[in-house]
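Counting in my numbering, the sequence shown runs from 1037 upward without gaps.
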Amino acid sequence: MPDQSDHLYLTPVDIRFSDEDNMGHVHHEAIVGYIAHARVTFVDDLVKRSGVEDIDYVLVNLNVDFLAEVNHPGTVEVSSWVEKIGTKSVTTKYELFKDGEKFATATSVNVFFNTKTKETAKISDDLKSVLTDHMLPK
């Protein structure tokens, strides 16, 4: 995987005291919340940049690997990028860092749908162009 500085989209998330469990570590549910915040911020921004209207997305799969413990206080930096573009879905990847140390990774699959018809929607050329711009170089 690339270094943190190589990622294409960064979302900072403050760690709250209430995110800790009874052992003083940030609870895994809070970490999933950080990923959700980064995912929505990232994908919403890409859809907005594309100019495509009447489209939204739904999470259909999320996989998280917890690599190390993390503690309050501080800020988590979630690095996000597009891994794969399908006909109606996009796979996004995430790495979570605190103080430069990676403590979790995640992958999500989101399916796009038309907000008027509620049917799944093919990714338009305009959206595909923006998504492609946020893939890591090979």
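Ideal placement from N, C-alpha and C gives every residue a C-beta, glycine not left out.
For THR1143, the uninterrupted beta strand (DSSP E) run begins and ends at 1137-1150, by DSSP.
For GLU1065, the uninterrupted alpha helix (DSSP H) segment begins and ends at 1064-1086.
Ranked by Cα distance from PHE1133, the options ILE1071, ASP1080, ASN1099, GLU1056 are led by ILE1071.
Comparing alpha-carbon positions, the option among HIS1108, PHE1053, VAL1094, VAL1049 lying closest to ALA1074 turns out to be VAL1049. Judged by pairs of C-beta atoms under 8 Å, the segment 1149-1158 does not touch the segment 1111-1119, as fewer than three such pairs exist.
A residue is called buried when at least 16 other Cβ atoms come within 10 angstroms of its Cβ; ALA1104 does not meet this threshold and is exposed. Annotation for LYS1164: the continuous alpha helix (DSSP H) segment containing it runs 1161-1168. GLY1136 has its alpha-carbon roughly 20 Å from the corresponding atom of GLY1060.
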